[in-house]
Every structure is written in structure tokens, then in C-alpha cells.
Amino acid sequence: MRLLAAERSRTPVSNQHLYEAVRVCEKLRLSLTRFAGADGFASLLRRSLALARAEAPSLDRIAVNSDCSMDGLEALAADEADGGAEAAVALAAHLLGLLVTFIGEPLTLRLVRESWPDASFDA
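Numbering-wise, the sequence shown is residues 12 to 134 according to our numbering.
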């Protein structure tokens, strides 16, 4: 949720949570492609999306492209009653959760701090 909040001021649009999640994924993509390559990040994003769909079925219309962009977000964002906020949180949470699983919490936190150098992540 802190990462979504860090992106909030940059996205003054309706159904803002969805765009915040996209920005979170995009910023992490920049750090992670240096670490694991574009294919590695695309695989991680696809798996995160698959896991998030169990919590937010509205994500069924989203697809991850080979360049790590996501198709279908505009349609989901336009339908504010379709759980965009929950979908955004689920997608970002699963992406971060998979990172912790695969590379550990210290390295995940380093990559997150790299992407948001001005944000505070202290409890």
C-alpha cells in the first residue's frame, strides 16, 4: 500500500489505484530488468497477474505483453465499479510477494528503495 501511496500524487485520474499499480509495476520493471532481464520480469508479472486474478476476477481482461506492458487496463479503469482498487493492491502485492520468495526480503527492499529513493518504508 505504501508503494501505491507513493504513486498517488502522480496520477490524478479516476480509478487511480489501478494506475498506481501500473506505475508500481513499471518502476519495478526498470530495476528488475537490470537484475533478471526482460523475460524474467515478464514471467514474474504474468505469475503475479495469475495469482491476483484469484482475488480480483476483473483482472481476467488484463494481459501481459512481451515488452512487459499490460493490455486491457483502460477498459478496467473505465469501469470503476469493477474493483479496480482491490485489483491494484492484489497485483502489486503478488508481485512483491513473489520477489521476496525468489530473491529474499533484503534484495527486494533494495530494489524497492532503488525505485523509490525518496519514500520511507520504515514501520
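The C-beta atom is built at its ideal place from N, Cα and C for all residues, glycine as well. Predicted model, so just to flag it, every value in this text is computed and none were measured.
Backbone CA spacing between residue i and residue j [nearest angstrom]
i           : j           : result
residue 39  : residue 48  : 12 Å
residue 130 : residue 78  : 27 Å
residue 43  : residue 52  : 6 Å
residue 100 : residue 108 : 12 Å
residue 123 : residue 82  : 24 Å
residue 65  : residue 115 : 24 Å
Which of helix, strand or coil DSSP assigns to residue i
i           : result
residue 32  : helix
residue 22  : For residue 22, the pLDDT reaches just 49, beneath the cut-off of 50, and the residue's location in the model is therefore unreliable, although a value from the coordinates is still provided. Reduced to three states, the DSSP call for residue 22 is coil.
residue 130 : coil
residue 47  : helix
residue 74  : strand
Supposed contact pair residue j and residue i - C-beta distance, whole angstroms, cut 8 Å
i           : j          : result
residue 126 : residue 94 : So it is not a contact: roughly 26 Å between Cβ atoms.
Residue i, buried or exposed, once every other Cβ within 10 Å from all chains shown has been counted against 16
i           : result
residue 85  : exposed
residue 8   : Given a span of 12 to 134 for the chain in the structure shown, any question on residue 8 remains unanswerable.
residue 111 : exposed
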